[in-house]
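Residue numbers (my numbering): 6 to 281. Don't be surprised by glycine CBs; every beta carbon is placed ideally from N, CA and C. Just so it is clear, the structure is predicted and the values come from calculations on it, not from any experiment. The structure appears below as structure tokens.
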């Protein structure tokens with residue numbers, strides 16, 4: 006709509022629907038012949054970029070790009086080209102009101118991660134000069150140098166190494182003496198500790214039964230000795246000797262039971278420390 010030199014412009018946009026502008030803001034003024042002759046002396050100082058540039062009538066126009074513009078849109082829905090057409094863009098021409106802008110898209114360059122722009126520029130410059138071998142990267146060389154240093158230098162020990170040695174029955178003295186201990190994985194250690202605990206339980210059960218049997222024997226000997234006191238001195242002496250041996254055997258069995266209980270407790274502690 007035109008109203009006394011002002012134009013009401015309607016946009017195909019959701020943000021801006023209409024705007025009232027002057028004619029110069031919508032259509033650039035065309036230069037007349039008189040204005041061109043009068044401004045010929047000021048041609049060097051005044052830039053004519055503010056005026057519209059017309060296309061030659063013969064239609065001869067050479068695009069600034071030899072490749073097909075928007076060729077990547079064959080793999081997409083072409084939203085970018087549709088938006089450009091709606092905004093008045095003509096394919097093959099440069100961007101801007103003088104159609105002399107960029108035609109080739111800006112090439113995307115993936116830079117190495119964790120490197121500054123100065124370091125990336127230095128690497129590219131060295132590649133151009135031929136000082137840097139393109140087949141080898143800094144990352145590969147860094148890995149090689151780190152592996153060489155790690156192979157030549159022994160890793161420091163920590164508390165986890167100490168716990169692993171103690172739990173697996175290894176000692177630093179055996180390693181220092183050059184004694185090669187067989188390496189066992191966690192599964193073998195688990196099955197070994199499980200079988201050891203089972204054997205300890207069986208042995209402890211048998212020892213407990215022997216203690217109970219010995220205590221019954223001691224009570225029987227004491228009863229027999231009480232019946233033979235003052236009657237048969239020889240039988241009483243034999244019973245006393247037998248009672249002393251039974252007490253001695255009971256003491257040994259009780260000591261063995263205590264040792265087995267300590268071993269069983271140690272096995273339970275080992276299981277709790279190795280199973281997380």
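| Asked | Found |
| --- | --- |
| Distance, residue 13 Cα to residue 128 Cα | 55 Å |
| DSSP beta-bridge partners of residue 25 | 13 |
| Extent of the continuous alpha helix (DSSP H) run through residue 100 | Unbroken run through residue 100: none, as it is neither H nor E. |
| Three-state class that DSSP yields for residue 112 in the structure shown | coil |
| Neighbour-count burial assignment, residue 226, 16 or more Cβ in a 10 Å radius | buried |
| Coarse secondary structure for residue 238, derived from DSSP in three states | helix |
| Cβ contact check for the stretch 235–245 and the stretch 200–214: 3 or more pairs under 8 Å | no |
| Extent of the continuous alpha helix (DSSP H) to which residue 127 belongs | 122–134 |
| As assigned by DSSP and simplified to three states, the class of residue 233 | helix |
| For residue 221, three-class secondary structure by DSSP | helix |
| Residue 262 and residue 216 closer than 9 Å at C-beta | yes |
| Of the listed residues 212, 121, 168, 119, nearest to residue 258 (C-alpha basis) | 212 |
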